[in-house]
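Below you'll find the structure, written out as C-alpha cells, and then a few comments.
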Amino acid sequence: MRHILGGFLVLLTVGCSNWELKDRCEKTNWFNYSQQVAFDGKYLEEDGFVKACKKLDLTSAVQLDLGFKQGREKMCQYDEIYSRAKEGVPVFFKFCDGLEMNQMKSLYQKGLLTYCTKEKGYAFGKAGKIYQNLCSPEQEKVFLPGFYQGRREYLTSYITEQGASLVKIRVLEASYAQTESNLQSEYSTLPSNAQQCHSQSVYNESSKQNEFKTVCEEAFYIRSRRTALWSKMDDIRSRLSDLRRDWRETDESIKKAQVSLNELP
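Quick note, this note's numbering runs 123 ahead of the 1-based positions in the sequence shown.
Here you go:
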C-alpha cells in the first residue's frame with residue numbers, strides 16, 4: 124500500500140510539474156525571452172527553458188530567431204559596450220563578430236574604470252545586484268569593500284521585509300482557513316430531506332392520455348445554496364493554495380538571503 128501511495132504521489136508531482144511547464148511555455152513572449160537570452164550571453168540551444176518548451180512544441184521559431192538577433196544587435200554596439208561596463212554588466216564579445224575586437228575591449232576597460240570604485244561598489248551592492256568578477260585584482264581592493272557593505276545592507280533589509288511579508292501571509296491564511304471551515308460547516312449541515320412537491324401533467328402511454336402526478340424533488344433553495352457554497356469553497360481553497368505557495372517561495376528566498384549574508388566577509 125505504501126509503495127502504491129508513493130508511486131501515486133510521484134505521478135501527481137510529475138503531472139503538476141508538466142502542467143506548470145506547459146502553462147509557462149504558452150504564456151511566454153518568445154521574442155522578449157530570446158532577446159534576454161542573447162543579453163545573458165547564451166545561445167538558444169544552451170537555454171534549458173527553451174529546450175524544454177521545444178520538446179513540447181510550444182515555442183515560436185520565428186519569434187525566437189528574431190528576438191535573439193535583436194538582443195545580439197543591441198548588445199553589439201560600441202556605445203552599449205561602454206555603457207554595460209560602467210554598470211557592471213558583462214559583454215559577450217563572441218556574439219559581436221561585426222565589431223573590431225581591440226576597440227570593443229578597450230572601450231569596455233575604459234567603462235570599468237568608472238564602475239570599479241568604492242562608491243559604485245556600494246551602490247551596486249545596495250541595489251541587490253550580483254558582482255560578476257569584472258574588476259581587476261587591483262581594482263577589487265577598492266571596489267569590494269564598498270560592494271560588501273552595500274550588499275550586507277541590502278540583504279539585511281531584504282530579510283526584514285520578507286519576514287514581515289511572511290507574517291502577513293500567515294494572518295491572511297488563518298482568515299481564509301477559518302472562512303473555509305465556516306463554509307464547509309454550513310455545507311455539511313444543509314438538510315438532505317427538504318423537498319418540494321407539485322402536481323405535474325404526465326402522458327400515460329397505456330391510457331393514451333395525460334394524467335396528473337405528484338412529483339417531489341429537493342427544494343430549490345437548498346440546491347441553490349449548495350451550489351453557491353461549493354463555488355465559494357472552491358474559490359477560497361484556490362486562494363489558500365496560492366498563499367501557501369507564496370509562503371514557501373518567500374521562506375526559501377529568506378533562507379537563501381541569510382546564507383548569502385553569512386557568507387559575506
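Virtual Cβ for every residue (Gly too), placed ideally from N, Cα, C.
Nearest neighbour of residue i, chosen from the options [CA to CA]
i: ASN66; options: CYS239, LYS249, TYR156, TYR245; result: It is not possible to answer for residue 66, since the shown part of the chain is limited to 124 through 388.
i: THR182; options: ASN152, LYS197, MET198, SER322; result: ASN152
i: ASP202; options: VAL185, PHE191, GLN232, GLN186; result: GLN232
i: ARG346; options: GLN158, LYS145, GLY273, TYR310; result: TYR310
i: ARG367; options: TRP142, GLN272, ASN333, VAL294; result: VAL294
i: ALA297; options: CYS199, ARG195, SER364, ARG147; result: SER364
i: LYS264; options: SER330, LYS241, TYR281; result: LYS241
i: LEU384; options: ARG274, PHE343, CYS176, ASP146; result: ARG274
i: GLY234; options: GLY211, PHE216, ILE253; result: GLY211
Counted within 10 angstroms of its Cβ, other Cβ atoms place residue i as buried (16 or more) or exposed
i: THR136; result: Confidence in THR136 is poor, its pLDDT being 46 and thus under 50, which makes the residue's placement unreliable; the coordinate value appears in the next sentence. THR136 should be labelled exposed.
i: LYS379; result: exposed
i: SER315; result: exposed
i: LYS243; result: buried
i: ASP114; result: Nothing can be reported for residue 114, as the shown portion of the chain is limited to 124 through 388.
i: ILE359; result: buried
i: VAL214; result: buried
i: LEU387; result: exposed
i: ALA161; result: buried
i: MET122; result: The displayed coordinates of the chain run from 124 to 388. Any statement about residue 122 would go beyond what the structure contains.
i: ARG207; result: buried
Where the alpha helix (DSSP H) containing residue i begins and where it ends
i: THR373; result: 343-386
i: CYS176; result: 171-178
i: ILE282; result: 260-311
i: PHE218; result: It is not in any alpha helix (DSSP H) - PHE218 carries neither H nor E in the DSSP assignment.
i: LYS228; result: 224-238
i: SER157; result: 153-162
i: LYS165; result: Counting along the chain, LYS165 falls outside any alpha helix (DSSP H), and DSSP gives it neither H nor E.
i: ILE204; result: 201-209
i: ALA317; result: That residue, ALA317, is in no alpha helix (DSSP H); it is neither H nor E in DSSP.
i: LEU189; result: 184-198
Integer Cβ distance of residue i from residue j, believed to fall under 8 Å
i: LEU313; j: LYS355; result: Contact doesn't hold; Cβ gap of about 13 Å is too wide.
i: TYR281; j: GLY248; result: Contact flag wrong, Cβ pair sits at about 12 Å.
(message) Check whether the stretch 278-293 and the stretch 327-343 are in contact - that is, three or more C-beta pairs closer than 8 Å.
(response) With a cut-off of 8 Å, the stretch 327-343 and the stretch 278-293 do not count as touching, because too few Cβ pairs lie within range.
(message) Quick test of the definition: if touching needs 3 or more C-beta pairs under 8 Å, does the stretch 185-202 touch the stretch 150-165?
(response) As far as the Cβ criterion goes, the stretch 185-202 touches the stretch 150-165, which means the pair count is three or higher.
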